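Take a look at the structure below.
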Amino acid sequence: MSKNRLTYQSITDMLADLNAQDRGRYFICTCPECQEQEAFIYKNNLNFIQCNRENSCGERFLLQIAEKNEDYTYQEEIEQKKGLTVGQAKQLNQFTELMHHFLHHIQSDALDNGYRGLSRDTTTPFIADFRDAGVSFMFEYAGDLLPKDYSTNYWMCQRNLVAPIFGEDGRVDRILLRSSINPAIQPKELQLIVNPSNKARDFFVDVPEKVQTIVISEALLDGLSFREVDKEIGVIALTGSRKYRNLCSYLKEQASEYQDRKFLIAMDDDVAGYKAALEVAHCLEGMDMDYQLFSYPEAQKDANAFLVENPKRFERDVQLFQQRFLSSDDRSYMDVKKEMKQIVICHSNVDALAFRSVDANIGVMAIQHQGKDKEIEGRLNRWMKSRDMFNKTFLVALPNTAEGQTEANIVVDLLQKNGLKYQAFDYTNVPYITPSEFVLTDRKAFERHVSLQYPITKKKPYER
Numbered sequence: 001m002s003k004n005r006l007t008y009q010s011i012t013d014m015l016a017d018l019n020a021q022d023r024g025r026y027f028i029c030t031c032p033e034c035q036e037q038e039a040f041i042y043k044n045n046l047n048f049i050q051c052n053r054e055n056s057c058g059e060r061f062l063l064q065i066a067e068k069n070e071d072y073t074y075q076e077e078i079e080q081k082k083g084l085t086v087g088q089a090k091q092l093n094q095f096t097e098l099m100h101h102f103l104h105h106i107q108s109d110a111l112d113n114g115y116r117g118l119s120r121d122t123t124t125p126f127i128a129d130f131r132d133a134g135v136s137f138m139f140e141y142a143g144d145l146l147p148k149d150y151s152t153n154y155w156m157c158q159r160n161l162v163a164p165i166f167g168e169d170g171r172v173d174r175i176l177l178r179s180s181i182n183p184a185i186q187p188k189e190l191q192l193i194v195n196p197s198n199k200a201r202d203f204f205v206d207v208p209e210k211v212q213t214i215v216i217s218e219a220l221l222d223g224l225s226f227r228e229v230d231k232e233i234g235v236i237a238l239t240g241s242r243k244y245r246n247l248c249s250y251l252k253e254q255a256s257e258y259q260d261r262k263f264l265i266a267m268d269d270d271v272a273g274y275k276a277a278l279e280v281a282h283c284l285e286g287m288d289m290d291y292q293l294f295s296y297p298e299a300q301k302d303a304n305a306f307l308v309e310n311p312k313r314f315e316r317d318v319q320l321f322q323q324r325f326l327s328s329d330d331r332s333y334m335d336v337k338k339e340m341k342q343i344v345i346c347h348s349n350v351d352a353l354a355f356r357s358v359d360a361n362i363g364v365m366a367i368q369h370q371g372k373d374k375e376i377e378g379r380l381n382r383w384m385k386s387r388d389m390f391n392k393t394f395l396v397a398l399p400n401t402a403e404g405q406t407e408a409n410i411v412v413d414l415l416q417k418n419g420l421k422y423q424a425f426d427y428t429n430v431p432y433i434t435p436s437e438f439v440l441t442d443r444k445a446f447e448r449h450v451s452l453q454y455p456i457t458k459k460k461p462y463e464r
């Protein structure tokens with residue numbers, strides 16, 4: 001049975017989020033893994049979804065519903081096709097005004113005193129506190145914009161911190177709810193769509209006109225952590241690692257606006273985070289955008305945890321990435337920690353992410369420029385004492401081209417000269433030139449192929 005688990009507040013929310021289409025005995029849905037509309041949920045077992053693309057995905061998920069006894073009705077794309085009624089449009093405008101009022105004018109002990117390392121100046125445009133009776137009032141005020149009345153639901157009304165996502169028209173599309181009243185409540189974050197007229201935006205965007213660097217993070221608190229130490233940084237924040245598809249579409253639509261900007265990708269340090277980072281990096285490379293990949297110290301797994309636990313180092317590291325944008329064209333991705341037993345040497349950032357999207361605990365040396373041997377030798381000399389390189393195994397995964405294999409031979413000679421263990425990535429019977437092309441075309445086959453070459457570290461998924 002799959003260990004993947006997704007939690008929803010209600011069956012209605014689940015079916016809406018998965019774009020479910022009624023097919024009689026079952027629903028056809030968007031696969032949470034590959035994002036193709038080829039997963040299915042049988043109506044007699046609403047706690048399980050499986051992708052029908054067995055050869056290229058085939059992923060399975062357990063579906064957990066918070067409201068156990070809910071009676072559900074599901075009408076496919078009702079409001080998306082109808083648009084807003086006059087009454088709903090008025091309600092949405094009023095709800096948006098309410099959100100702006102609570103964002104900017106309501107005091108909050110949780111936010112005023114700093115929330116998870118974030119000052120009130122940073123959180124004010126993004127997070128509102130509806131503490132005490134305010135949460136129930138908010139649900140009442142939303143009226144018919146929500147699928148049901150949550151105003152008397154104690155479990156929902158404990159979620160006092162509300163982060164609205166605004167659409168292109170400036171009105172609220174979606175809200176995210178967390179709790180400072182009961183931090184132990186599960187799941188920690190819920191989402192509700194409040195604009196029933198269109199496909200609600202599922203990511204945050206706050207990019208002032210003159211901003212040069214934009215961080216793309218997996219969650220709002222992570223993006224705001226960068227804003228906390230650099231007020232001149234733009235923020236694009238997903239609402240989960242699987243929500244990259246709409247973001248990539250948005251970036252392509254806004255390509256001219258973002259053409260001269262620089263992007264810092266900062267997803268979580270886990271397999272799901274690296275899968276999202278790979279897709280976003282691949283999208284940016286296809287648009288010829290300038291980007292870097294943010295890396296974390298050994299003890300932290302996301303930007304907000306980094307800020308909370310080591311604010312001085314976090315600020316320093318953000319400044320270093322900013323300086324690198326200004327002073328160098330080199331975007332090579334290097335991240336080798338002491339605990340890592342395998343290190344992949346590859347040609348590009350997306351190749352490095354290909355391996356990390358399978359095993360988050362593999363070290364990476366992605367060197368995009370010429371002279372890889374000199375760069376590697378310099379790094380090895382600096383790392384030799386502090387990171388015990390003799391107990392690590394290097395996986396040489398340069399492109400399967402004449403030039404790539406020539407470079408691979410040079411790298412192998414260097415590793416042999418230093419007495420270091422290594423393997424060459426096996427391209428036998430692989431119809432792809434690079435690891436990134438392989439994983440983006442057929443992830444399951446890539447995972448099987450990699451697992452045959454070295455033991456993949458199985459780590460518990462990171463929980464915020």
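Heads up: the sequence shown at position 210 corresponds to 210 in UniProt numbering, and the numbers run straight through without jumps.
Note that the Cβ used here is the ideal one computed from N, Cα and C, for glycine as well.
Please read all numbers here as calculations on a predicted model, not as lab measurements.
Proximity of residue i and residue j at Cβ, strictly below 7 angstroms
i	j	result
Y274	L398	no
E298	K337	yes
I49	I11	no
S225	N304	yes
F203	K262	no
S217	A237	yes
R178	I165	no
S119	S136	no
V350	A424	no
I433	D359	no
L415	Y422	yes
Y296	D269	yes
N160	I181	yes
N44	T30	no
L6	L46	no
R242	P32	yes
A276	M287	no
residue 470	M340	Past the boundaries of the shown model lies residue 470; the chain is included only from 1 to 464, so the question cannot be answered.
Buried versus exposed call for residue i [16 or more other C-beta atoms within 10 Å across all chains shown]
i	result
D388	exposed
Y154	exposed
T401	exposed
F306	buried
Q323	exposed
Y42	exposed
D169	exposed
D13	buried
I106	exposed
For residue i, three-class secondary structure by DSSP
i	result
I410	helix
I175	strand
G404	helix
K421	strand
T213	strand
residue 480	Past the boundaries of the shown model lies residue 480; the chain is included only from 1 to 464, so the question cannot be answered.
K341	coil
D132	coil
F203	strand
Q453	helix
M334	strand
D270	coil
K231	coil
E427	In the sequence as displayed, the identity of residue 427 is Tyr instead of Glu. Here Y427 sits in coil by DSSP.
C51	strand
A281	helix
I376	helix
M1	Summary for M1: the model assigns pLDDT 38, below 50, so the residue's position carries little reliability; its value from the coordinates is reported in the next sentence. Of the three classes helix, strand and coil, the one that applies to M1 here is coil, per DSSP.
T7	strand
K81	At K81 the pLDDT is 42, less than 50, meaning the model places this residue with poor confidence; the figure from the coordinates comes in the next sentence. It is helical.
F311	Here the sequence assigns Pro to residue 311, which means Phe is not the residue at that position. Of the three classes helix, strand and coil, the one that applies to P311 here is helix, per DSSP.
Nearest neighbour of residue i, chosen from the options [CA to CA]
i	options	result
R379	A128, I345, F446, P183	I345
D230	L247, Q212, R245	Q212
L92	Q21, H104, A142, S249	A142
G87	K188, Y26, P196	P196
Y26	V194, F321, N52, T7	N52
H104	E54, A163, Q254, G117	A163
Q21	F40, P431, N418	F40
D317	I362, L264, S348	L264
F130	R382, D290, R171, M156	M156
K188	G240, H449, K374, P431	G240
T85	D144, A272, L440, F126	D144
CB contact check: residue i to chain C, cutoff 7 angstroms
i	result
Y42	Within the model displayed, chain C is absent; a lone protein chain is all it includes.
Supposed contact pair residue j and residue i - C-beta distance, whole angstroms, cut 8 angstroms
i	j	result
A128	F102	4 angstroms
residue 468	V235	Outside the modelled stretch of the chain, which goes from 1 to 464, sits residue 468, for which no answer is possible.
F390	L420	7 angstroms
V215	L146	Contact flag wrong, Cβ pair sits at about 31 angstroms.
C57	K444	6 angstroms
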